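Numbering (the numbering used here), first residue to last: 21 to 97. C-beta atoms are modelled at their ideal positions from N, C-alpha and C, and glycine is treated no differently. In this text, all values refer to a predicted model and were calculated from it rather than measured experimentally. Below you'll find the structure, written out as structure tokens, and then a few comments.
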Amino acid sequence: MKSDLGGKKMPKMKTHKGTKKRVKVTGSGKISIRHSGKSHILTKKTHKRKKRLGQDAIAPKGAERKIKKALAGQEGR
């Protein structure tokens, strides 16, 4: 389906806003995410584990494809 506006295809892909708020694309194109499990029940977790959970991580290759599809409407920004 085409519109009359310069021959662009419609409808456009929409950016998934929840994903946009939770991930960051690095300069090399990798996806940076936050670890889960650091909001409550922290007494039984070791200091080392809590420290590691507080750091950013790179998304696995399998999830990267899904995340990039969710951010598809954000191209050119």
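In the three-state DSSP reduction, K64 falls in the coil class, being neither helix nor strand. Each of K65, R42, I53 was checked against the Cα of D76, and the nearest Cα belongs to I53.
Annotation: the continuous beta strand (DSSP E) that includes A77 extends over 76-78. Our two residues, I51 and T63, have alpha carbons roughly 30 angstroms apart in a direct line.
In summary, A90 is buried, with 16 or more beta-carbon neighbours lying within 10 Å of its beta-carbon over all protein chains present. At a Cβ-Cβ threshold of 9 angstroms, S48 and L73 do not count as neighbours.
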